[in-house]
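4 protein chains.
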Amino acid sequence: MKHFLDVEKAKKKHAHRKWQAALHELIFEAETRAGWAFDLILIISIGLSVITVMLDSVASIRDVYGGFLYGLEWFFTILFTIEYGLRLLCVGRPVLYATSFFGIIDLLAILPTYLALFFPGTQYLTVIRIFRVLRIFRVLKLVTYLGEARLLLTALHASRRKIEVFLYAVIAKVIIFGSIMYVIEGEAHGFTSIPRGIYWAIVTMTTVGYGDISPQTDLGQALASFVMIMGYAIIAVPTGIVTAEITLASREKITTRVCHQCSAEGHDLDAKCCKFCGAEL
Amino acid sequence: MKHFLDVEKAKKKHAHRKWQAALHELIFEAETRAGWAFDLILIISIGLSVITVMLDSVASIRDVYGGFLYGLEWFFTILFTIEYGLRLLCVGRPVLYATSFFGIIDLLAILPTYLALFFPGTQYLTVIRIFRVLRIFRVLKLVTYLGEARLLLTALHASRRKIEVFLYAVIAKVIIFGSIMYVIEGEAHGFTSIPRGIYWAIVTMTTVGYGDISPQTDLGQALASFVMIMGYAIIAVPTGIVTAEITLASREKITTRVCHQCSAEGHDLDAKCCKFCGAEL
Amino acid sequence: MKHFLDVEKAKKKHAHRKWQAALHELIFEAETRAGWAFDLILIISIGLSVITVMLDSVASIRDVYGGFLYGLEWFFTILFTIEYGLRLLCVGRPVLYATSFFGIIDLLAILPTYLALFFPGTQYLTVIRIFRVLRIFRVLKLVTYLGEARLLLTALHASRRKIEVFLYAVIAKVIIFGSIMYVIEGEAHGFTSIPRGIYWAIVTMTTVGYGDISPQTDLGQALASFVMIMGYAIIAVPTGIVTAEITLASREKITTRVCHQCSAEGHDLDAKCCKFCGAEL
Amino acid sequence: MKHFLDVEKAKKKHAHRKWQAALHELIFEAETRAGWAFDLILIISIGLSVITVMLDSVASIRDVYGGFLYGLEWFFTILFTIEYGLRLLCVGRPVLYATSFFGIIDLLAILPTYLALFFPGTQYLTVIRIFRVLRIFRVLKLVTYLGEARLLLTALHASRRKIEVFLYAVIAKVIIFGSIMYVIEGEAHGFTSIPRGIYWAIVTMTTVGYGDISPQTDLGQALASFVMIMGYAIIAVPTGIVTAEITLASREKITTRVCHQCSAEGHDLDAKCCKFCGAEL
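Chains as they are written, first to last, in the numbering used here: chain A, -1 to 279; chain B, -1 to 279; chain C, -1 to 279; chain D, -1 to 279.
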């Protein structure tokens, strides 16, 4: 009897696994025709749901089609909730998926609609779904794009420490200048507090320049001029950092072949012979 | 009799061809004196017609010279229509010309005036004629400029995938931030919808900063500060991409050494052997 | 008797030195556990005191917690004053420390609170304390960051003359354009004086563009357009300067090969012989 | 008699030449102590005269010191007029000097004050004198700065064709977009004419963004978003151009030494031996 039960269990487990595997292939992979179609439908749904949310935020459209858009929003959210559930079901290690980048995005993409039942307005945050569209790179087999994206990420990763040092210097500067401007201009000219002064300093140093807060006194304008020229000059620093890294990364991509005669490196992609000894590559 | 007709036909065709060839040389080429003069007159006409349209849009000038400018506009449009017809007539494959870059521009340059009969205001779109002036590079035999332009286009073409990836990242970011700001600031502070929030995010991230919509709440200003610093930092990315490509393209241009064995070009400055056939340089 | 006194003196001096050395290790170094803890507490205190000053500047917070924040501010200032005194006491050459970068920052970080007794408002300038946080790099043993910071400083130092020449050109241009705009636009359109015109020129050329002063006449807008395109183009210059230097500095960092004859570093990737002693690499 | 007159003439001519030469050395050169002092006094006078003009433009200062500043302005102008006359007198080829860069600047620096007798207000244009301060580089013997400036000018000169092509592309784009926005937004939203639309397009594409004219319609804001992202992306182009040229120019400055053994180039500034064959440099 016990043996019979064990066999039944194993069968069930096996059947379960088979069913899981098929679902996994459908949902997670894009190699099969069905999996490819699933991903395509998913991406189109995401696009439509983002557009739904956007249209719903426009007052004149909401007044007319509000009910329809609300229904559509719930339709997409329930669809994505089922999909999220299936993903959890068919994946081997659900916790690993749930804590991965895409797992968190998938969860964040459905939560806002439910939250909106308690906190009206949060449903608009479902636009985070837009990040789910990143899967399109896999669906359309855009490997070249993935390569380029990886090169950019490599360059940014390599330069992250320099950029952190740079950001620290920028933050220290905007705090100092924001405080000085608060002392100089005072609350009468819109600099109502140091945080507001820092906000002004960021608006100015990044050359955005809304003009909602701007210095009125001569001393304030003189200091602002200094901050602007400094901001104008130091934008050169992150640009220089990233450019140097991208140049290096681009060059490295090219120069990985080594001559087996003289061991020289640095050959172009189209090179057939070593440029130093003439041996065939 | 049939023979006689055939000869007549061939003669006619020949004559036609001759007449076509002469016209083709006049209109499409700039090697002969007449062709050069034709192009020059064309470019001056284009310049004058663009200025006509611009002046016509200034209310104070239109009030005084409106009729004269209207006549001038029609004069140029009819002139360019005749020219477009002649181009179609004398070119070997009219469809190929009509669907080429210059063919489309030539058509778009005359359409708006006719369209304005039905949709007043569209005549101002004739300024697209300005692109026809690109022919000036051929007229003035500015081959060096063409070379430089080609180098720039090559660099932009080589970096198009990286820039597409970058643009996708920027668009995803402005959608997310525009939506969050819509939720935070609300319609009272000018963020009347998500598309308007996205517009604000683009205005901010590109450091344009009109100030027509700007955050008023503390939380909104804090997020805006983050968006600005991010926009300030990521402008480094396209700059880095294009700079790396231009540097590569410029370097390639430098190596004017030619292999005397296989006539290959594009050798590095430190190359001792041809990278294609292995012969010493 | 004299001998006895000398011994006493030497002992005292010795004891004094010992006490000083222990204090020096505690305050100035971060190698020991106690020194590390001291620096950590110091940095947290600085952070808290900067936040105190910021909160104190917000009217709504000041109205409620004004007294408490005022007390906290004085608490931190007295703390830092004692610390400054101890630093002067235990350091070998007090004058050298007092005139060093960190010595001046340490002094400037406590002065504003005392000055505020005579000139209300200046206490907000204590935010200069934020620069004291630079010590965090030593505390957290962020040597890699120090290396990156040094590379950036080296690049900026190497390009300082080019940037000075560039700044001189920019300053000359904003003076000229500011004056011309003052003549064109006049006081009616916000250009009330040449300095104000120069302020406008800086706001425009650095692409900040507040919009608090903007040209209204046709001629003024035409000139402004020219200034903008020029500003847009010349931002390329500092970027190019810094990028070139960072690229050079990064490349130099790469060549980790060491000559086994003279131990010299900094060889190029394609070097076959040491550039200092001529030995083969 | 004739002989005597000839001698007298020659003597006079010789005396004249001698007097001229001394004056030339004083005014045009900075090698002698007197010449150096002359240049220094000149630069200080220029600086003071520019400050005079600036102060004179501030209404509150003009009301009090107007007469004094007016006198000072004329004093400096007469001084510079005398100086200009002396320069013409003592220079070998007056026409060559008068048509040179500095000759034109020297003339433009004195004309506005005289013109102001007929056209009040033009006296403020005397700030062009600021360019005369460029002579300071010679006076302070700032040869290194001259070298750096030359490197920058070389890089800009080498990239002028690419920048011209780029500027043509930018101008064509702002004309097209300015016209389209004029058609879309119309006169009600500040786009009163095509030239005004072009002004808006320049303000936007260069990321200045005053906000004095900004799109109000949905379609206009969508197009503006496109223009902004494009402007944000294409700023990469001039930066890339100039960076590539500066990198090349910097590299060339370094690599002028040639190994006399193997004729290899590309040695670092601190290299003592050829990095390819090991021979001493």
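Virtual Cβ for every residue (Gly too), placed ideally from N, Cα, C.
Predicted model only: the values in this text are computed from it and were never measured.
- Are I239(A) and K171(A) closer than 8 Å when you measure CB to CB? One-based indexing of the first sequence puts residue 239(A) at position 241. One-based indexing of the first sequence puts residue 171(A) at position 173. No, the pair does not count as a contact, with Cβ atoms beyond the cut-off.
Requested in this report: Could you tell me whether the Cβ atoms of E71(C) and A156(C) are closer together than 8 Å?
Outcome: Position 73 of the third sequence, counting from 1, holds the residue named residue 71(C). Position 158 of the third sequence, counting from 1, holds the residue named residue 156(C). For E71(C) and A156(C), no; Cβs fall outside 8 Å.
(Q) Restricting to runs no shorter than 4 residues, where is the alpha helix (DSSP H) found entirely within the region 48 to 100 of chain C? (A) 57 to 88 and 92 to 96
heavy atom of the ligand ZN below 7 Å from T124(D) C-beta
Summarising the ligand content, the structure contains no ligands, and the ligand ZN is consequently not present.
Open item on the list: Taking the straight line between their C-alpha atoms, what separation do you get for L38(A) and G229(C)?
Closed with: The count along the first sequence starts at 1 and reaches residue 38(A) at position 40. The count along the third sequence starts at 1 and reaches residue 229(C) at position 231. Using only the alpha carbons, I get a separation of about 46 Å.
task = Indicate the three-state DSSP secondary structure (helix, strand or coil) for W17(B) in the structure shown.
result = Taking the first residue of the second sequence as 1, we reach residue 17(B) at position 19. Three-state DSSP puts W17(B) in a helix.
Can you list, in chain order, the residues of its chain with a C-beta nearer than 7 Å to that of I196(B)? Leave out the 5 residues immediately preceding and following it.
Indexing the second sequence from 1 puts residue 196(B) at position 198. Once the five neighbours on either side are set aside, the close Cβ partners of I196(B) are V172, I173 and G176.
Requested in this report: Please confirm if T152(B) has its CB atom under 8 Å from at least one CB of chain D.
Outcome: Locating residue 152(B) in the second sequence gives position 154, where the first residue counts as 1. No, its Cβ sits nowhere closer than 8 Å to a Cβ of chain D.
Subject >> Spatial neighbours of L86(A) in its chain, beta-carbon cut-off 6 Å, leaving aside the 5 residues before and after >> reply: Walking along the first sequence from the start, residue 86(A) turns up at place 88. Excluding positions up to five away in sequence, the list reads P92.
- request: Using three-state DSSP, classify F224(B) as helix, strand or coil.
  value: As a position in the second sequence, residue 224(B) is number 226, starting the count at 1. Helix at F224(B).
Local Cβ density within 10 Å of D104(C), reported as buried at 16 or more and exposed below that
Numbered from its first residue, the third sequence carries residue 104(C) at position 106. Buried: at least 16 other Cβ atoms inside 10 Å.
Notebook entry, point to check: Under a CB-based cut-off of 8 Å, is T202(C) close to chain D?
Noted result: Counting from 1 along the third sequence, the entry for residue 202(C) is found at position 204. Yes, T202(C) counts as interfacial toward chain D.
Output the boundary residues of the alpha helix (DSSP H) element that contains T124(C). Here residue 124(C) refers to the residue found at position 126 when the third sequence is read from its first residue. Segment: none, T124(C) is in no alpha helix (DSSP H) and carries neither H nor E.
If you scan the region 137 to 204 of chain D from start to end, which runs of the alpha helix (DSSP H) of 4 or more residues do you find wholly inside it? 141 to 156, 158 to 183 and 192 to 203
**Residue-chain proximity (T120(D), chain A), Cβ-Cβ < 8 Å** = Indexing the fourth sequence from 1 puts residue 120(D) at position 122. Judged by the 8 Å Cβ criterion, T120(D) is not in contact with chain A.
For A107(C), which of helix, strand or coil comes out of DSSP?
Counting from 1 along the third sequence, the entry for residue 107(C) is found at position 109. A107(C) falls in the coil class under three-state DSSP.
Check: In whole angstroms, what separates the C-alpha of I42(B) from that of A167(B)?
Finding: By one-based count along the second sequence, residue 42(B) stands at place 44. By one-based count along the second sequence, residue 167(B) stands at place 169. Going by the C-alpha atoms only, they are around 43 Å apart.
Touch check for the region 47 to 57 of chain C and the region 110 to 128 of chain C: three-plus C-beta pairs under 8 Å? yes
**Request:** Report the rounded CA-to-CA distance for F116(C) versus M179(C), giving the unit in angstroms.
**Result:** Against the third sequence, residue 116(C) aligns to sequence position 118. Against the third sequence, residue 179(C) aligns to sequence position 181. Computed Cα separation, rounded: 42 Å.
- Task: Work out the CA separation of T204(C) and I233(C) for me, nearest whole Å.
- Result: Position 235 of the third sequence, counted from the first residue, corresponds to residue 233(C). Position 206 of the third sequence, counted from the first residue, corresponds to residue 204(C). C-alpha separation (whole angstroms): 8 Å.
Rounded to whole angstroms, how far is the Cβ of T241(D) from the Cβ of T241(B), which I believe are closer than 8 Å?
-> Taking the fourth sequence and counting its residues from 1, the one referred to as residue 241(D) is at position 243. Taking the second sequence and counting its residues from 1, the one referred to as residue 241(B) is at position 243. So it is a contact: roughly 5 Å between Cβ atoms.
Next on the checklist: Below 8 Å on the Cβ atoms is my contact criterion, and I expect I200(B) with I102(D) to pass it. Report the Cβ-Cβ distance as a whole number of Å.
Outcome noted: On the second sequence, position 202 is the one that residue 200(B) refers to. On the fourth sequence, position 104 is the one that residue 102(D) refers to. Contact flag wrong, Cβ pair sits at about 45 Å.
**Prompt:** Taking the C-alpha atoms as reference points, what is the distance between L40(B) and F74(B)?
**Reply:** What you label residue 40(B) is simply residue 42 of the second sequence in a count that begins at 1. What you label residue 74(B) is simply residue 76 of the second sequence in a count that begins at 1. Rounded to whole angstroms, L40(B) to F74(B) spans 10 Å at the Cα level.
Q.
Does P213(D) come out as helix, strand or coil in the three-state DSSP assignment?
A. Counting from one through the fourth sequence, the residue named residue 213(D) turns up at place 215. Here P213(D) sits in coil by DSSP.
Check this for me: beta carbons of V48(C) and I128(C), under 8 Å apart or not? Locating residue 48(C) in the third sequence gives position 50, where the first residue counts as 1. Locating residue 128(C) in the third sequence gives position 130, where the first residue counts as 1. Yes.
| Using a Cβ-Cβ cut-off of 7 Å (strictly less than) and excluding sequence neighbours within five positions of A114(A), which residues of its own chain qualify? | On the first sequence, residue 114(A) is found 116 positions in, with the first residue counted as 1. Answer for A114(A): T120 and Q121, listed in chain order.
For A28(C), three-class secondary structure by DSSP: Within the third sequence, numbered from 1, the residue matching residue 28(C) stands at position 30. If DSSP states are grouped into helix, strand and coil, A28(C) belongs with coil.
Under 7 Å Cβ-Cβ, which residues of chain B neighbour T290(C)?
No answer is possible for residue 290(C): it lies beyond the span of chain C, which begins at -1 and ends at 279.
> Which same chain residues, not among the five before or five after G218(A), have their C-beta less than 8 Å away from its C-beta?
Replying inline: Numbered from 1 along the first sequence, position 220 holds the residue referred to as residue 218(A). Within the same chain, G218(A) has close Cβ partners M179, I182, E183 and H187.
Can you find the residues in the same chain that come closer than 7 Å, C-beta to C-beta, to Y82(D), ignoring five residues on each side of it along the sequence? Indexing the fourth sequence from 1 puts residue 82(D) at position 84. Contacts found: D104, L105 and I108.
Where V118(D) and D216(A) are concerned, what is the direct C-alpha to C-alpha distance, given to the nearest angstrom? Residue numbering aside, residue 118(D) sits at position 120 when the fourth sequence is read from its first letter. Residue numbering aside, residue 216(A) sits at position 218 when the first sequence is read from its first letter. According to the sequence provided, residue 118(D) is Pro. The question's Val does not apply to it. Near 26 Å, if we compare the C-alpha coordinates of D216(A) and P118(D).
| field | Own chain partners of A222(B) with C-beta closer than 7 Å, once the 5 adjacent residues on each side are dropped | value | Start at 1 with the first residue of the second sequence, and residue 222(B) comes out as number 224. So the list reads T202 and P213, once near-sequence residues are dropped.
Specify the secondary structure class of A114(A) as computed by DSSP and reduced to three states. Within the first sequence, numbered from 1, the residue matching residue 114(A) stands at position 116. The answer is coil: DSSP assigns A114(A) none of H, G, I, E or B.
Measuring only between beta-carbons, confirm whether G209(C) sits less than 8 Å from chain B.
-> Position 211 of the third sequence, counted from the start, is the residue given in the question as residue 209(C). Yes, G209(C) counts as interfacial toward chain B.
**Request:** Check whether the Cβ atoms of G207(D) and V206(B) sit closer than 8 Å, and answer yes or no.
**Result:** Taking the first residue of the fourth sequence as 1, we reach residue 207(D) at position 209. Taking the first residue of the second sequence as 1, we reach residue 206(B) at position 208. Yes, Cβ-Cβ distance for G207(D) and V206(B) is below 8 Å.
Nearest by alpha-carbon distance to L246(A): which of L150(A), E185(A), L165(A) and P193(A) is it? Position 248 of the first sequence, counting from 1, holds the residue named residue 246(A). Looking at the Cα atoms, L150(A) is the closest of the given residues.
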